[in-house]
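Worksheet: the structure to be examined is printed underneath.
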């Protein structure tokens, strides 16, 4: 069979069911082979290759499976670069298969030739060029193994055109070992002992929950540990749904726009237990003043994360499903009522000074926070939240509530505007049984607005909540706070989004009055299929609280 | 922070593009590579990189971890000069007429244990293997003697003072582990 056919068989062998892609010259033999596999490999035609990469990310994040995208060489391939970088920094398993010119033309500046392997090596977990048809089965098996094992990440397969058309024997192949690659490092039992001893001696331990708990499927193990030792938790943006929002030990979100309690308490705790998180600068703010008083325990699968940003006292390497279980077995049952209750004071302050004003305003224009909370409540806190980047992201992350795993899809590390819409499309394919709500701003929607075409064609049931403030809101907020209100290119003239949606045969409506919101949300959720709910929100709203740049986690601004 | 000359020894699979991946770890942090030597190791199919760079301990630790994270890299370690034996080779091209006129020059070569590997009426070539400073010192003396035409030196090669090759142990352990868990379902 041809290399292209071998690719189809290999994808089927890996259990792939959905592919996000876009055809083009150098990948045509593969698309031709795909024509005969349409039943088993559901190909979703996106409207731009960046959308294919983000859709694959959204698919992977909600399903736990590897997301796949298929694009052509040259511009098709470079258009996926943002998605690859995004998947790398957020540990999302995707496999990007791109066409490439024939090996005889490599290096000749042939039509639509780019050095994709060279471009993507620094931003992918693995990048490989398939030059011979007989390497297809091996390369695909290796790609999926690398993408999904250990700390997950993006893998790029650069598929030379001659290898697509040449013929080869095909044998299904599985890879579960690469001698130079250790996906899960060994856990030193002494490190678990030391961590348990620190926790047992602690009076004020604080747990930081990261996406690693979701990726490691270690939700129960986390609960066992924190409940046994009675330890309050803060969640990172990507770890928000790793622990139910309403759990009594979940004290909220960490970071620049997170909740007051877990941020302030980071600088008061005596032991900090970080699980599957990487001490990103949006979480730590000023490292020089971050948790200096605390002994730090770091559970992670990636040895390169240890001591990268925060020097730790005990590093527990390994898969957190195992290490959390081991740790839960060693810690002594404890009741730390006074410490756990001490967060209440900060919750009250934040509630009075920030939250109430945001979610229950008495007058004035609609606010982002009340929209997010109202949508969350209308779904019984069961929905998947997808966000774009900016104020819409912070507000929906703050006010959405989570009761199920793998329920937040957002571009955390890279902060990719334009991520939301295609990622939401991917999420509807990853979990067709769940409601998918995407919050975006007028800026981010327009960066991927062409994907409305994909939604139209697929009838993907994406609930699009457009928080329209006629501004690039997050940048505007910073300009107001740190650049003397000089609104340099942040006001935006907007089109009629409901009309645009309507042209794509997506029903929708626009609301700007508080009393119209609940019914509009009800109509959106009651609609079978996609829906655009445009909400005209306050133009110059601010996300609060906020740790200003260079500030310390315990010095959040409640007003600005 | 205080800068030290570190020598990194990296073992990897022998595949195209890996050098790029390793140097990219330096590029991203704008760390200058002082010298770089890549060659086949004693183990078939395994390549050895010897890289020297001036940096601080905190940075070198992170760089090594990032290099080791590359899928095809087996091991990466860093050393200070007292933990390794290291060597370079250099070639010095001298003008034969100048060389003959300067009686001091041949003494310099003998004193430095240089080896004359080529002589013709126009130039002669001297070869010298040794530590970095020895090579530099011969260069400076020949330069002072006024007969230097060209000079080239290799990157550093280094061998650890430990008795075993760590990468051998690593590979043996990886293979054993794999055969032990083979047949069992993967966790």
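Protein chains in written order, with the working numbering: chain Y, 1 to 560; chain B, 1 to 187.
Where a beta carbon is used, it is the ideal one built from N, C-alpha and C, also for glycine.
Inset, instruction - Return helix, strand or coil for residue 364(Y), following the three-state DSSP convention. - result: Reading the first chain from its first residue, position 364 is the one you call residue 364(Y). It is coil, neither helix nor strand.
Legend entry - Three CB pairs or more closer than 8 Å across the stretch 533-546 of chain Y and the stretch 502-513 of chain Y: Yes: at least three Cβ pairs fall under 8 Å.
Legend entry - Within 7 Å, strictly: CB atoms of residue 156(Y) and residue 120(Y): Residue 156(Y) sits at position 156 when you count from the first residue of the first chain. Residue 120(Y) sits at position 120 when you count from the first residue of the first chain. If you check the CB distance, residue 156(Y) and residue 120(Y) come in under 7 Å.
Legend entry - Residues near residue 328(Y) by beta carbon distance below 7 Å, same chain, minus five either side: By one-based count along the first chain, residue 328(Y) stands at place 328. Beyond the five residues adjoining it in sequence on each side, residue 328(Y) comes within less than 7 Å, by CB distance, of 221, 224, 225 and 228 in the same chain, given in chain order.
Legend entry - Endpoints, the beta strand (DSSP E) within which residue 468(Y) is located: Indexing the first chain from 1 puts residue 468(Y) at position 468. Annotation for residue 468(Y): the continuous beta strand (DSSP E) segment containing it runs 462-468.
Inset, instruction - With DSSP as the reference, label residue 645(Y) as helix, strand or coil. - result: The structure shown has nothing for residue 645(Y), since chain Y only spans 1 to 560.
Inset, instruction - Could you name the residues of chain Y that residue 175(B) contacts, counting a contact when the two beta carbons are closer than 8 Å? - result: Translated into positions along the second chain, residue 175(B) becomes position 175. For residue 175(B), the C-beta contacts it makes with chain Y under 8 Å involve 179, in order along the chain.
Legend entry - beta strand (DSSP E) segments (min. 3 residues) lying fully within the stretch 475-546 of chain Y: Counting only runs of 3 or more, we get 508-511 and 531-536.
Inset, instruction - Give me the Cα-Cα distance between residue 467(Y) and residue 440(Y), rounded to the nearest whole angstrom. - result: As a first step, residue 467(Y) is located in the first chain; it is residue number 467 there, counting from the start. As a first step, residue 440(Y) is located in the first chain; it is residue number 440 there, counting from the start. Residue 467(Y) and residue 440(Y) have their C-alpha atoms roughly 6 Å apart.
Inset, instruction - Entirely within the stretch 189-255 of chain Y and at least 3 residues each: give me those beta strand (DSSP E) ranges in chain order. - result: Listed in chain order, the complete beta strand (DSSP E) runs (minimum 3 residues) inside the stretch 189-255 of chain Y are 205-209, 233-235 and 250-253.
Inset, instruction - Flag residue 13(B) as yes if its beta-carbon sits less than 7 Å from any beta-carbon of chain Y, otherwise no. - result: Here residue 13(B) refers to the residue found at position 13 when the second chain is read from its first residue. Closer than 7 Å to some Cβ of chain Y, the Cβ of residue 13(B) qualifies, so yes.
Inset, instruction - Would you be able to state if there are at least three C-beta pairs under 8 Å between the stretch 90-105 of chain B and the stretch 130-149 of chain B? - result: Three or more Cβ pairs closer than 8 Å define a contact, and the stretch 130-149 of chain B meets that threshold against the stretch 90-105 of chain B.
Inset, instruction - Would you list, in chain order, the members of the stretch 299-321 of chain Y that have their beta-carbon closer than 9 Å to a beta-carbon of chain B? - result: When CB distances to chain B are screened at a threshold of 9 Å, the residues of the stretch 299-321 of chain Y falling below it are 302, 303, 304, 305, 306, 307, 308, 319 and 321, in chain order.
Legend entry - Beta carbon proximity, residue 121(Y) to chain B, threshold 7 Å: By 1-based counting over the first chain, the position of residue 121(Y) is 121. So yes, residue 121(Y) belongs to the interface.
Legend entry - First and last residue of the uninterrupted beta strand (DSSP E) at residue 5(B): To locate residue 5(B), count along the second chain from 1; it is residue 5. Residue 5(B) -> beta strand (DSSP E) spans 4-13.
Inset, instruction - Note down, in chain order, all residues in the stretch 88-119 of chain B with a beta-carbon under 9 Å from any beta-carbon belonging to chain Y. - result: Listed by position, the residues of the stretch 88-119 of chain B near chain Y (Cβ gap below 9 Å) amount to none.
Inset, instruction - For residue 21(B), go through chain Y and note every residue whose CB falls closer than 7 Å to its CB, in chain order. - result: Translated into positions along the second chain, residue 21(B) becomes position 21. By Cβ distance, chain Y contributes 121.
Inset, instruction - Please compile the residues from chain Y whose C-beta is within a distance smaller than 7 Å of the C-beta of residue 30(B). - result: Mapped onto the second chain, residue 30(B) falls at position 30. For residue 30(B), no chain Y residue has a C-beta closer than 7 Å to its own C-beta; the minimum C-beta separation is roughly 14 Å.
Inset, instruction - Taking 7 Å as the cut-off, decide whether the C-beta atoms of residue 173(Y) and residue 354(Y) are in contact. - result: Against the first chain, residue 173(Y) aligns to sequence position 173. Against the first chain, residue 354(Y) aligns to sequence position 354. Going by C-beta atoms, residue 173(Y) is not nearer than 7 Å to residue 354(Y).
Legend entry - Inter-residue spacing [alpha-carbon to alpha-carbon] between residue 339(Y) and residue 182(Y): Within the first chain, the letter at position 339 stands for residue 339(Y). Within the first chain, the letter at position 182 stands for residue 182(Y). Cα-Cα distance, rounded: 39 Å.
Inset, instruction - For the stretch 348-393 of chain Y, list the alpha helix (DSSP H) runs that are entirely contained and at least 4 residues long, ordered along the chain. - result: Whole alpha helix (DSSP H) segments, 4+ residues: 356-359 and 368-378.
Inset, instruction - Give a yes or no on whether the C-beta atoms belonging to residue 16(Y) and residue 96(Y) are separated by under 7 Å. - result: Residue 16(Y) sits at position 16 when you count from the first residue of the first chain. Residue 96(Y) sits at position 96 when you count from the first residue of the first chain. Taking 7 Å as the cut-off, the beta carbon of residue 16(Y) is found no closer than this to the beta carbon of residue 96(Y).
Legend entry - residue 519(Y) to residue 33(Y) span [Cα, whole Å]: Reading the first chain from its first residue, position 519 is the one you call residue 519(Y). Reading the first chain from its first residue, position 33 is the one you call residue 33(Y). Looking at the two C-alpha atoms, the distance is approximately 47 Å.
Inset, instruction - Say whether chain B places a C-beta atom closer than 7 Å to the C-beta of residue 296(Y). - result: Numbered from 1 along the first chain, position 296 holds the residue referred to as residue 296(Y). Chain B contact via Cβ: absent.
Inset, instruction - For residue 164(B), count neighbouring C-beta atoms within 10 Å of its own C-beta (all shown protein chains included) and say buried if the count is 16 or more, exposed if not. - result: Your numbering for residue 164(B) matches position 164 in the second chain. Using a 10 angstroms sphere on the CB of residue 164(B), the tally of other CB atoms stays under 16, which defines it as exposed.
Legend entry - Against chain Y: residues of the stretch 44-76 of chain B by CB proximity under 8 Å: Of all residues in the stretch 44-76 of chain B, only 61, 62, 65, 66, 68, 69, 71, 72, 73 and 74 place a beta-carbon less than 8 Å from a beta-carbon of chain Y.
Inset, instruction - Give me whichever residues DSSP pairs with residue 163(B) in a beta bridge. - result: The residue you call residue 163(B) lines up with position 163 of the second chain. BP columns for residue 163(B) are empty, so no partner.
Legend entry - C-beta contact flag for residue 142(Y) and residue 163(Y) at 7 Å: For the purposes of this step, residue 142(Y) is taken as residue 142 along the first chain, with counting starting at 1. For the purposes of this step, residue 163(Y) is taken as residue 163 along the first chain, with counting starting at 1. No, these two residues do not count as a Cβ contact at 7 Å.
Inset, instruction - Look at residue 84(Y) and residue 124(Y) and say whether their C-beta atoms are less than 7 Å apart. - result: If you number the first chain from 1, residue 84(Y) lands on position 84. If you number the first chain from 1, residue 124(Y) lands on position 124. Going by C-beta atoms, residue 84(Y) is nearer than 7 Å to residue 124(Y).
Legend entry - Buried or exposed (CB count within 10 angstroms, at least 16 for buried), residue 93(Y): Taking the first chain and counting its residues from 1, the one referred to as residue 93(Y) is at position 93. It is buried - the Cβ of residue 93(Y) has at least 16 other Cβ atoms within 10 Å.
Inset, instruction - Can you grab the Cα-Cα spacing for the pair residue 111(Y) / residue 401(Y), in whole Å? - result: Taking the first chain and counting its residues from 1, one reaches residue 111(Y) at position 111. Taking the first chain and counting its residues from 1, one reaches residue 401(Y) at position 401. If you take the alpha carbons of residue 111(Y) and residue 401(Y), they lie about 49 Å apart.
Inset, instruction - Ignore the nearest five residues each way along the sequence and tell me which others in residue 68(B)'s own chain have a CB closer than 7 Å to its CB. - result: The residue given as residue 68(B) occupies position 68 in the second chain. For residue 68(B), same chain residues with a beta-carbon under 7 Å away, outside a window of 5 residues either side, are 75 and 76 in chain order.
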